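Step one of this worksheet: look at the structure below.
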Amino acid sequence: MSWVSACQLDDIEQEGAIRFDHGGRTYAIYRGPDDRVYCTAGLCTHEAIHLADGLVMDFEVECPKHSGAFDYRTGEAIRLPACENLKTYPAEVVDGEVRVALN
Amino acid sequence: MDAIVIVGAGESGTRAAFALREAGYAGTVTLVGVEPHLPYERPPLSKPENGAVTLKAVCSGEALLGAGIIYLQGVGASSLDAARRSLTLSDGRVLTYDKLLLATGARPRKLMCQGAERALDFRTYDDAKVVLASVDASRSVAIIGGGLIGMELAAVLGGKGLAVSVIEAAPKPLGRAVPSHFAARLHSRHIEEGVHFHLGQGVCEIRQNTVLLTDGTSVPADVVVAAIGVQPEIALAETAGLATGNGILTDAFLRTSDPDIFAAGDCAAVEQYGGGHVRFESWRNARAQAETAARNMAGAVEPFAAIPWFWSDQYDLGLQVAGQPQQDHQCVMRALPTGELAFYLDDGRLVAAAGLGLGNSLAKDIRLSEMLIAASVRPDPAVLADPSVNLKALLKNAKAA
Chain A
0 MSWVSACQLD DIEQEGAIRF DHGGRTYAIY RGPDDRVYCT AGLCTHEAIH LADGLVMDFE
60 VECPKHSGAF DYRTGEAIRL PACENLKTYP AEVVDGEVRV ALN
Chain B
0 MDAIVIVGAG ESGTRAAFAL REAGYAGTVT LVGVEPHLPY ERPPLSKPEN GAVTLKAVCS
60 GEALLGAGII YLQGVGASSL DAARRSLTLS DGRVLTYDKL LLATGARPRK LMCQGAERAL
120 DFRTYDDAKV VLASVDASRS VAIIGGGLIG MELAAVLGGK GLAVSVIEAA PKPLGRAVPS
180 HFAARLHSRH IEEGVHFHLG QGVCEIRQNT VLLTDGTSVP ADVVVAAIGV QPEIALAETA
240 GLATGNGILT DAFLRTSDPD IFAAGDCAAV EQYGGGHVRF ESWRNARAQA ETAARNMAGA
300 VEPFAAIPWF WSDQYDLGLQ VAGQPQQDHQ CVMRALPTGE LAFYLDDGRL VAAAGLGLGN
360 SLAKDIRLSE MLIAASVRPD PAVLADPSVN LKALLKNAKA A
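Here the protein sequences line up with chains A and B, keeping their order.
If you're matching positions, the first sequence starts at 0 in numbering that gives the first Met the number 0 and goes up one per residue.
If you're matching positions, the second sequence starts at 0 in numbering that gives the first Met the number 0 and goes up one per residue.
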């Protein structure tokens, strides 16, 4: 597993998300209420809307257009119209730096 | 055997079919749709990616099969007999039902001028394909109607290098659904992008390659699109003698004047708490009403109480509106790096919010505003105006209070 440096933990507000682009793909990185970080594919499985613009509440991210929702820890689709799960990637914080493993 | 029939396979009817199964309904569910396609989403039609119209299905054929939904595709409904609980289809078939949902939607309002038949409609996937194919071989397009559909189309077609004119009878575009501050912002952006506006003008005649306005102006138009709004599809309801007005009238539970017939989506005019009936034309409303109607048809007794919400994409700007902003509300603006939010207070209570900004950048603030509206908060206007105050923190405080 190769880890990629994505951002600083302080770049993401608690219960928030940012967009991260790498290798021609786009991802969303979340900082949970537990202050841990999580990474998923960036685009909603329903209509390719970027989830980093969506509302993060607890461990749920909601699509900013259609209100489909996912548990960003597992990628599980938990509210329609999203029905296909999101891909997730390992993420960690090392000395204040957020790293993600994308393959 | 229990049977529910749904007339109309748009966003609302299709959502209702699945929501019946989610509510545990085990009887027969038949979905009748007049268009020759799988049920599809209409919002993407006026926001085509890379200039091409794509059919974005609401669900797959397998999903319909998997949920045991009988989908009658390309079949209309010609008459409804409420006393016999029977529906006659355009191919002569007769379906009987225990409960019926009318999700018949709306159809484009027709122009009444000379040459009106030259104007293209913009409602269905087939309409969108015709419009996009027509403009590809043209140099100019006139869009009659400066509402949301007209303005979204102007943004898309302007991007294809055509001369775009918008003709609107009112003195300003977007006057009906969009708060005036944001309507003015969008109007300016369209002017910057080169869209020509003819405001306060009626159409006298549509000729080949020209639209003649009431003040005598000739607007060049190889293609003319009519986007002057829709009217609810109530003809079937009328054959059954149901109460209608600006839509099929329902009570707060989405029941029509016949207790076994419900209505949802663009066609439904729903009784309001303060009196009167209101009809909404939005994607979210179509789905939310479908879900309430489905649960009520399956035995629940639940009033429809969702806060109205819609979005519009024009150029790189995203507009979202939650609630119904009115002229007499106190309006509080909040400036943000990517756009502006407006909050609307009625006697101190937050009742609506709107935002216009880059892409979906303000979506989460509007979503939080919607939750604040639902929580009936009475926020300090100075706090709402302050961009350093996180709306999520306001919501958590409201919930803790």
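Beta carbons: idealized from backbone N, C-alpha and C, even for Gly.
Quick caveat, the model's predicted, so the values are computed rather than measured.
Bounds of the alpha helix (DSSP H) holding residue 60/B are 60-65. The C-beta of residue 272/B has fewer than 16 other C-beta atoms within 10 Å across all chains shown, which makes the residue exposed.
Residue 151/B is classed as buried because its beta carbon has at least 16 other beta carbons within 10 Å across all chains shown. The continuous alpha helix (DSSP H) containing residue 294/B extends over residues 282-296. Put simply, the CB of residue 359/B is near chain A, with a gap under 9 Å to one of its CB atoms. Flagged as an interface residue toward chain A: residue 57/B, by a C-beta distance shorter than 9 Å. Residue state for residue 42/B is assigned as helix, using DSSP reduced to three classes. A direct Cα-Cα distance of roughly 15 Å separates residue 11/B from residue 233/B.
Residues of chain B with a Cβ closer than 8 Å to the Cβ of residue 48/A are, in chain order, 359.
Check the Cα spacing between residue 18/B and each of 254/B, 224/B and 285/B: the tightest is with 285/B. Residue 53/A reaches chain B at 359, 362, 363 and 366, counting residues in chain order whose Cβ is nearer than 9 Å. The DSSP-derived three-state label of residue 249/B is strand.
Residue 80/B sits in a strand when the DSSP states are folded into three classes.
One thing to note: residue 85/A has its Cβ within 9 Å of the Cβ of residue 43/A. For residue 56/A, DSSP records a beta bridge to 59/A. In the structure shown, residue 103/B falls within a coil segment according to DSSP collapsed to helix, strand and coil.
Sorting 130/B, 23/B, 158/B and 8/B by C-alpha distance to the C-alpha of residue 299/B places 23/B at the top.
For the pair residue 29/B and residue 5/B, the CB atoms are nearer than the 9 Å cut-off.
A Cβ-Cβ distance of about 7 Å is found for the pair residue 119/B and residue 133/B, placing them in contact under the 8 Å criterion. Burial of residue 98/B is indicated by the presence of at least 16 other C-beta atoms within 10 angstroms of its C-beta.
Residue environment analysis places residue 38/B among the buried positions, since at least 16 neighbouring C-beta atoms fall within 10 angstroms of its C-beta. By alpha-carbon distance to residue 311/B, the top candidate from 359/B, 341/B and 336/B is 359/B.
Proximity of chain B to residue 63/A at the Cβ level (cut-off 7 Å) is accounted for by 359, 362 and 363, in chain order. Positions of the beta strand (DSSP E) runs, each at least 3 residues long and wholly inside the region 186-265 of chain B, are given as 195-198, 202-206, 209-212, 217-219, 222-225, 229-231, 246-249 and 260-262 in order along the chain.
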